[in-house]
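Below: one structure, written as structure tokens.
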Amino acid sequence: MAEPVVQLERITFAWPGRATLLDIDSFTLQAGERVFLKGPSGSGKTTLLGLLGGVQLPASGHIRLLGADLAGMSGSARDHFRADHTGYIFQMFNLLPYLSMLENIILPCHFSRLRQQRACQRHGSVQAAALHLLGHLGLDQPQLRNQPVTELSIGQQQRVAAARALIGSPELVIADEPTSALDADTREAFLQLLFSECRALGSSLLFVSHDAALEPLFDRSLSLHQLNRASRAEVI
């Protein structure tokens with residue numbers, strides 16, 4: 004069996020001076036898998052994503068991404084590893100307002116030579132890769148390419164954020180509540196586009212949300228409450 008893209012083993016995490024927030028015995032995400040992770044606000048979902056990206060380190064345990072133990076890397080090595088192998092879609096999108104739509108999409112390739120090389124190998128150039136994604140995400144209008152992202156609609160900004168996460172074929176795509184500002188029809192249409200692109204790139208998707216109505220669209224659904232022994236201990 005192929006090595007998991009993500010593997011957590013006996014991890015704990017607590018913010019300074021606070022009780023343990025996360026205590027997860029095990030979690031795996033396989034290559035190409037689409038997993039829905041649910042949990043209410045304040046349950047530790049965003050903290051878990053920070054651990055997966057190496058932004059924070061666990062107090063104990065192992066976090067392996069593509070077989071590499073993040074805790075064994077220096078801070079700069081974790082930053083480079085994250086840039087090479089992980090694409091993020093943030094809840095508030097985090098697009099840079101002073102860059103155009105096209106410039107926002109190709110930004111990860113400035114920080115990752117690996118993703119730049121992959122984009123060029125598949126499409127001939129980074130810009131061609133960005134335009135390919137724009138076409139698949141319904142944003143291929145030439146007049147939009149150099150438009151400031153602040154002039155785009157929320158739905159358009161969301162798709163730009165997805166294209167930025169997907170460019171250069173990262174093995175892991177993490178989406179943190181990216182559909183919270185959208186209506187039901189737009190949410191499902193966006194998810195189908197996201198699934199299609201992840202499938203084409205071979206990327207695994209970890210989608211974090213509190214919207215349980217989206218669960219049936221995924222290969223697997225998990226509750227952070229079930230994974231996290233710290234939250235179960237609070238109830239007991």
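Following our numbering, the numbering of the sequence shown begins with 4 at its first residue and continues without gaps.
By construction, the Cβ of each residue, glycine as well, lies at the ideal position given by its N, Cα and C atoms.
Do residue i and residue j have their C-beta atoms closer together than 8 angstroms?
{"i": "PRO181", "j": "ALA164", "result": "yes"}
{"i": "GLY205", "j": "GLY35", "result": "yes"}
{"i": "LEU54", "j": "PRO61", "result": "yes"}
{"i": "LEU155", "j": "LEU194", "result": "no"}
{"i": "GLN10", "j": "THR31", "result": "yes"}
Between the options, which lies nearest to residue i when the distance is taken from Cα to Cα?
{"i": "GLN120", "options": "THR153, LEU98, ILE170", "result": "ILE170"}
{"i": "VAL96", "options": "LEU24, ASP214, GLY158", "result": "Looking at the sequence itself, residue 96 is Phe, so the reference to Val does not match. Among LEU24, ASP214, GLY158, the Cα nearest to that of PHE96 is on GLY158."}
{"i": "HIS139", "options": "GLU218, VAL9, ARG202", "result": "ARG202"}
{"i": "ALA168", "options": "LEU136, LEU147, HIS126, LYS48", "result": "LEU136"}
{"i": "ALA216", "options": "GLU6, ALA187, TRP18, VAL38", "result": "ALA187"}
{"i": "GLN144", "options": "MET76, GLN195, LEU105", "result": "LEU105"}
{"i": "THR189", "options": "GLY64, GLY141, LEU209", "result": "GLY141"}
{"i": "LYS48", "options": "GLN94, GLU6, SER79", "result": "GLN94"}
Return the Cβ separation of residue i and residue j in integer angstroms, given the expectation that the two are a contact with Cβ distance under 8 angstroms.
{"i": "ARG223", "j": "VAL38", "result": "5 angstroms"}
{"i": "SER63", "j": "LEU227", "result": "SER63 to LEU227, Cβ: 18 angstroms. No contact."}
{"i": "ALA166", "j": "ALA133", "result": "7 angstroms"}
{"i": "SER207", "j": "GLN33", "result": "7 angstroms"}
{"i": "PHE210", "j": "LEU40", "result": "7 angstroms"}
*In chain order, which continuous runs of the alpha helix (DSSP H) of length 4 or greater are located wholly inside the region 27–82?*
48–55
*So, do the region 23–32 and the region 226–233 have three or more beta carbon pairs nearer to each other than 8 angstroms?*
yes
*At which residue ranges does the region 6–30 contain complete alpha helix (DSSP H) runs of 4 or more residues, listed in the order of the chain?*
none
*Which parts of the region 153–183 are runs of the alpha helix (DSSP H), unbroken and 4 residues or longer, counting only runs that do not cross its ends?*
157–169
*Do three or more CB pairs link the region 110–126 to the region 75–87 at distances below 8 angstroms?*
yes
*At which residue ranges does the region 179–223 contain complete beta strand (DSSP E) runs of 3 or more residues, listed in the order of the chain?*
207–212
*Mind listing, in chain order, the continuous alpha helix (DSSP H) runs of no fewer than 4 residues lying wholly within the region 91–122?*
104–114
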